[in-house]
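Numbering-wise (our numbering), the sequence shown opens with residue 1 and increments by one.
Ideal Cβ placement from N, Cα and C applies to all residues, glycine included.
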Amino acid sequence: MKKIAIAPLLILLLPITINAQKSEATLIFKDGSVLKGLGRLTNANTIRFRQTKKDKKQIYTFKEVDTLKVHYDYGTTTYIEAAIENREEPKVLEVIMVSNSIAYYHRYNYFTAMGGTSTHYYLKRKSDNQVIHFGSNQLGTLNFKKVATTFFSDCEELVQAIEEEKYGRYQLKEIIEVYEEKCGR
Numbered sequence: 001m002k003k004i005a006i007a008p009l010l011i012l013l014l015p016i017t018i019n020a021q022k023s024e025a026t027l028i029f030k031d032g033s034v035l036k037g038l039g040r041l042t043n044a045n046t047i048r049f050r051q052t053k054k055d056k057k058q059i060y061t062f063k064e065v066d067t068l069k070v071h072y073d074y075g076t077t078t079y080i081e082a083a084i085e086n087r088e089e090p091k092v093l094e095v096i097m098v099s100n101s102i103a104y105y106h107r108y109n110y111f112t113a114m115g116g117t118s119t120h121y122y123l124k125r126k127s128d129n130q131v132i133h134f135g136s137n138q139l140g141t142l143n144f145k146k147v148a149t150t151f152f153s154d155c156e157e158l159v160q161a162i163e164e165e166k167y168g169r170y171q172l173k174e175i176i177e178v179y180e181e182k183c184g185r
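If you want it as structure tokens, here you go:
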């Protein structure tokens, strides 16, 4: 009975797996060289890449790669590795938005203990070397208001809006836009 239930699920997931390996990708190496081909980011934060469909796949890591850009029909997704404040190991993050003074990233954690996914949010000022963890979409994570008011402490109007809960952790793009408009340097 279980085998019968698993077969349709595998058939549904197969096209996703096959398609994921055919995405056009661009690797930008730390030395500045660029390689174009087909690739994807794996759950282990390695990059599976081949220049053409006929080539043998190669595995790259972010020790040698600075930026991975995966080009989909709906747009390009960019990944970088970043040092995180108060963490020893850097993490691979998806670039969501880069403004004049702040970059916004996030990271998905698949198959958490609850059986779903979690999204962790990060911000970085261009002048900083490390990203700041802004919490996640899970209950019981960092106090967003405390982290955000500290990070944006140079913008009194925005801090007041965050304290009044006009903005929350799911509105980081809007918060960055307001920061750029009111207090951007």
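Going by beta-carbon coordinates alone, are GLU177 and LYS145 separated by less than 9 Å? No. Outside cutoff.
My output table needs one value for LYS91: the three-state DSSP class, helix, strand or coil. LYS91 sits in a strand when the DSSP states are folded into three classes.
Considering only the beta carbon of each residue, do SER105 and VAL131 sit closer than 9 Å? The residue you asked about is not Ser; residue 105 is Tyr in the sequence shown. Yes.
Is there contact here, the segment 36-53 with the segment 64-76, by at least three beta-carbon pairs under 8 Å? Short answer: they touch.
Only counting the same chain, and skipping five residues up and downstream in sequence, which positions put a Cβ closer than 7 Å to that of LYS182? Excluding its 5 nearest sequence neighbours in each direction, LYS182 has C-beta neighbours in its own chain below 7 Å: CYS155, GLU157 and LEU158, listed in chain order.
Please report how far the alpha carbon of THR119 lies from the alpha carbon of GLU180, in whole angstroms. Each residue's Cα considered, the two are about 24 Å apart.
Taking just the CA atoms, how far does THR52 sit from TYR121? For TYR121 and THR52, the distance between alpha carbons rounds to 34 Å.
What is the DSSP secondary structure of GLN138, reduced to helix, strand or coil? In this structure, GLN138 counts as coil in the three-state DSSP scheme.
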